[in-house]
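See below for the structure under consideration.
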Ligand code: G1P
Ligand code: ZN
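In the numbering used here, the protein residues as written are 23 to 566.
Next comes the structure, spelled out in structure tokens:
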């Protein structure tokens, strides 16, 4: 191949992927050879590309299109046999995961920094998914990082950009590039899982929905499935055109960043159902008229009702949740007589459980829910499962929540984030606390007695790999819990996450404001960890 260029390079410090791939400021990614080095490191870490098939797409953020061209040219130079690319290099994360699986690809590259803002001054990201469609495991991630520390050259085709705007096949040297409609395969998968007929009837009966795509990648998916296929009125999907800067917003589906949708759902004339999805379409927020469903509760409700959807009618093998996620789902699992798994933060830890058929539903408190249909969390899937359940049960979201709490009790839950705090001080706080953990049991704080305290270590039941230091857990005798950990997805300073939980099963006390219900736990967290002292903040930046 005459037009392959081998370009000498030197390692770039700090290309260590975090909770979900490598995320950095866009400007850093755009400065050559930043993207080239990381891309070649992936190719090297997976043992080269000769004869392989990869999937490529991203959430449409600024630099998505240009990065896709660079990766395409490098893949061709590295002798990839086939590259499947979403039209205009767009693919939601769950759609990419599905394509990898459907097409039996060897892996895929997803260009996204998820819910982080996009634009020249904001964030960019890139992650590698494996042949099961899921995020690279810890081992592979470590191999990629090791490659970035010793890289000395990368290969790239010297050629003009390829037109990725038209569906169809074309040759780039020895490599076949197949541009596919980003929505079609995903939509087909959803039809195998849900009763589209029942949802269509529900919407035809005047059940109203408002879905916020937050100017991100799910707009075309939500329009095709909810408006065109299922017949929701035009305009039911808001902010449906993906924009490189997500309209200047944070495409993060929570009450803070999806404020406009919150306002709509809490107004007098609110629709029956509301939901939002994040930048790359894997996160979701579920709302009813005047009702906010926490992601932890959503997982529990979905677990309790999934059998109402055709794809899950045979029941669930098990339910998995990330450690900081509330234990509401565990109560459902117990009642159903199925296994409940507790994994570290990050979807990659669910992969083995799903592959082994040990878990069917998975979820994280950070607005992520999904199942074994793909190996990523899936925002639109969660919306469709909710709609399927609502269509069968013919109750409002508020009624479903009230019924769930009456049956299982309520795990009051909130996460407090301290963003962009001093990294050294934050690490010092976690370290100091880790050293004191052994002395904590038996201590009484705010009327709560500490039963146990540890730094969570996960032993994967499938491959027996051990992931230590996954967050500090302080467990109280009454079932309350405080978890503290540092974020692995931020790009500036450190973000401290404090997760607070309290269980209540007194029928009179199931309708409190979560922050009030959690007040003693919140005060206890401050007294145990001295958060104000270490962060220099008097209050969290975000409460979800
Ligand atoms: C955050 C969430 C985590 C999620 C990840 C990727 O990671 O907490 O649940 O898997 O984003 O969406 P963190 O910043 O806490 O490391
Ligand atoms: Zn995401």
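Don't be surprised by glycine CBs; every beta carbon is placed ideally from N, CA and C.
Nearest CA to the CA of residue i: which residue from the options?
i	options	result
residue 293	302, 300, 283, 299	283
residue 288	561, 312, 307	312
residue 474	482, 481, 462, 480	462
residue 466	154, 389, 547	547
residue 394	156, 143, 152, 481	156
residue 470	295, 151, 544, 65	544
residue 25	242, 99, 235	99
residue 497	481, 480, 522, 479	522
residue 31	82, 57, 43, 296	57
residue 372	35, 42, 34, 33	42
residue 551	504, 491, 305, 163	504
residue 211	116, 198, 185, 174	116
residue 318	423, 175, 351	351
residue 33	529, 40, 105, 54	54
residue 290	66, 310, 277, 276	310
residue 338	404, 320, 361, 64	361
residue 529	455, 432, 198, 330	432
Would residue i and residue j be called neighbours here (beta carbons separated by less than 8 Å)?
i	j	result
residue 303	residue 240	yes
residue 542	residue 468	yes
residue 244	residue 406	no
residue 77	residue 135	no
residue 102	residue 80	no
residue 178	residue 68	no
residue 263	residue 248	no
residue 488	residue 378	no
residue 91	residue 183	yes
residue 62	residue 201	no
residue 557	residue 518	yes
residue 344	residue 386	yes
residue 452	residue 506	yes
residue 238	residue 273	yes
residue 271	residue 236	yes
residue 411	residue 327	yes
residue 261	residue 300	no
residue 439	residue 323	no
residue 390	residue 363	no
residue 286	residue 232	yes
residue 215	residue 409	no
residue 450	residue 516	no
residue 85	residue 60	no
Identify whether residue i lies in helix, strand or coil by the three-state DSSP scheme.
i	result
residue 330	helix
residue 241	helix
residue 374	helix
residue 192	strand
residue 345	coil
residue 23	The predicted position of residue 23 is uncertain, since its pLDDT is 49 and thus under 50; no value can be drawn from it.
residue 173	coil
residue 567	With the chain represented from 23 up to 566, any question about residue 567 goes unanswered, as that position is not in the structure.
residue 499	coil
residue 235	coil
residue 286	helix
residue 389	coil
residue 425	helix
residue 448	helix
residue 280	coil
residue 46	strand
residue 299	strand
residue 477	strand
residue 223	helix
residue 320	helix
residue 261	coil
residue 411	helix
residue 270	helix
residue 405	helix
residue 338	coil
residue 31	coil
residue 566	coil
residue 430	helix
residue 178	strand
residue 53	coil
residue 550	helix
residue 254	coil
I want to check one thing, is the minimum distance from the CB of residue i to the heavy atoms of the ligand MG below 7 Å?
i	result
residue 367	Ligands displayed in this structure: the ligand G1P and the ligand ZN; the ligand MG is not among them.
**OP:** Give, in chain order, every unbroken run of the alpha helix (DSSP H) that is at least 4 residues long and sits entirely within the segment 77-161.
**Re:** 86-99, 115-124
**OP:** Counting only runs of 4+ residues fully inside the segment 505-548, write out the alpha helix (DSSP H) ranges in chain order.
**Re:** Taking 4 residues as the minimum length, the alpha helix (DSSP H) runs contained wholly in the segment 505-548 are 536-539, in order along the chain.
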